[in-house]
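My numbering numbers the first residue of the sequence shown as 5 and each following residue consecutively. For every residue, glycine included, the Cβ atom is placed at its ideal position computed from N, Cα and C. Bear in mind the structure is a predicted one, so any value in this text is a computation, not a measurement. The structure appears right after this line, and notes come after that.
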Amino acid sequence: MIYLDNNATTKIDSKVFLKHCEVLRKNYGNASSLYPIGVESKNLIEDSRIRVAKFINADLNSGDRVIFTSCATESNNAVFHSVLGQNFKGQHIIISEVEHPSVYNIALYYEEAGCEVTRIKVNTNGVLNVSQLMDSLRSETSIVSLMMVNSETGVLNDIEDISKKIRQSFPKVLIHTDAVQAAGKTPIDINLLNVDFLTLSGHKFHAPKGIGALFIKRGVSFNPFIIGGHQEMGLRAGTENVANIVALGEAAEIAQKGLEDGINTGIEALRDYMEQELKRLFPDSIIFGEQSNRIGNTTNIGFKSVDGTKLVLRLAQKGISVSSGTACNSISASPSRVLSAMHAPSEYIRSIRISLSKENCMSDIQALLSSLNELI
Ligand code: PLP
């Protein structure tokens, strides 16, 4: 099997896998217990928190918080529930038209419940309309939530610049970024980004599924979404999944080292070679977001009058995994919301997304290219 759908999920790193298994078997103590195996679990969790904090340059000693959640969807939902609280009617939310459903649909939920939502537009290259964003801000705006990297196209938002602009005119507005598709692909520094909340998901950077994290900036209040016991400093109840938490910390450390060692340069070179060949073989194809600042592992390509979903299924028969739109959308017949927002031409909108990771090599790309050549 050739796996080229790493924005949907990634294969667990073998070092992370071994650590995960070891902790699962050995460290079964409840982290709230006072006897040694409980204390050991607690220590493992705190050690992992430090690793994840380091990964995003958060300072736990100065009051920054990192809490572990079950996934990015939970982290994103938790931010909205916390910021909007119980008196949400009349509050104003700003998101973009191209957010992941875990942000897009929670905003829609609050809109239906009485909030006002502004959805910032993107241009044909997937670039956010920052002037519209600035013009939309007002005193009732409670939260601006914008993703760092788009999952379908890989287009990067300049969150650092956007936060600076927002803080200059509306310092009280809380800023959240969904950094799920950025993790391990580009450095994340919460001090540069200057956000109040940031979301991560383990399974997008070679940790297991079922583990996410939420960064909460020092001084920013947070009302828990899941209420119960005192776990996670009282901010997220539920017995901690120690093995997953440890795996996330391990994956964060490996990803950090990968960034420092320039692992992404090799992935980007492979992606660029693939795109060059795709354009040569299919001169009338469109690579969405190609003109924009994009992350180096993602290609979203539309082949004229070719149905991406059919292509995905035919490639699957040849043992090659790519997706059409996002994983969540890949079985849906309707065209991608993200590409619609980018005004993708109708003959191209049913595109495929190819997303690479450190697990891929040139022979994967060659196999994909020859299969596409045959099928198209
Ligand atoms: N945010 C983005 C940008 C994503 O790409 C995804 C997953 O595709 C999520 C959030 C949801 O992540 P999780 O599966 O951890 O809930």
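Based on DSSP bridge pairs, tell me the residues matched to residue i.
i	result
Tyr7	Ser325
Asn304	Arg357
Val121	Ile97
Asn159	In the sequence as presented, Asn is not what sits at residue 159; that position holds Val. DSSP output for Val159 lists Arg298 as bridge partner(s).
Val153	Leu160
Ala217	Phe72, Leu204
Thr145	His96
Val126	Leu132
Ile291	Ile305
Go to residue i, then tell me how far its beta strand (DSSP E) extends in each direction, as first and last residue.
i	result
Ser66	Premise fails: Ser66 is in no beta strand (DSSP E) and is neither H nor E.
Ser359	356 to 359
Ile179	178 to 182
Just to confirm before moving on: does the CB-CB distance between residue i and residue j stay below 9 angstroms?
i	j	result
Glu115	Val342	no
Gln185	Ile305	no
Glu103	Met138	no
Ile249	Leu372	no
Ile271	His210	no
Glu236	Asn198	no
Ala241	Gly253	no
Phe174	Thr145	yes
Asn11	Ser100	no
Gly188	Lys208	yes
Leu218	Ser79	yes
Ile6	Ser344	no
Cys365	Leu274	yes
Lys93	Ala117	yes
Glu363	Lys15	yes
Val148	Gly130	no
Ile220	Phe226	yes
Arg55	Ala256	yes
Ser36	His234	yes
Thr73	Gly262	no
Ile71	Ile192	no
Using the Cβ count rule (16 or more neighbours within 10 Å means buried), how would you classify residue i?
i	result
Val43	exposed
Arg171	exposed
Thr330	Only weak support is given to the placement of Thr330: the predicted model assigns it a pLDDT of 47, under 50, and the value that follows is read from those uncertain coordinates. It counts as buried.
Gln260	buried
Leu360	buried
Ala183	buried
Ile380	exposed
Leu178	buried
Ser143	exposed
Gly266	exposed
Cys75	buried
Gly293	buried
Lys308	exposed
Thr269	exposed
His180	buried
Ile369	buried
Glu26	exposed
Asn301	buried
Ser340	buried
Ser205	buried
Ala62	buried
Gly89	exposed
Pro212	buried
Tyr39	exposed
Leu22	exposed
Arg123	buried
Arg53	buried
Arg357	buried
Ser338	exposed
Gly312	buried
What span of residues does the alpha helix (DSSP H) with residue i cover, start to end?
i	result
Gly253	246 to 264
Ser45	40 to 59
Met138	134 to 140
Asp165	163 to 173
Asp368	366 to 379
Ile110	105 to 116
Ile230	Segment: none, Ile230 is in no alpha helix (DSSP H) and carries neither H nor E.
Asp311	From DSSP, Asp311 is part of no alpha helix (DSSP H); its letter is neither H nor E.
Asn198	Unbroken run through Asn198: none, as it is neither H nor E.
Gly270	267 to 285
Lys345	For the record, residue 345 in the displayed sequence is Ala; it is not Lys. Per DSSP, Ala345 belongs to the alpha helix (DSSP H) from 341 to 345.
Val27	18 to 30
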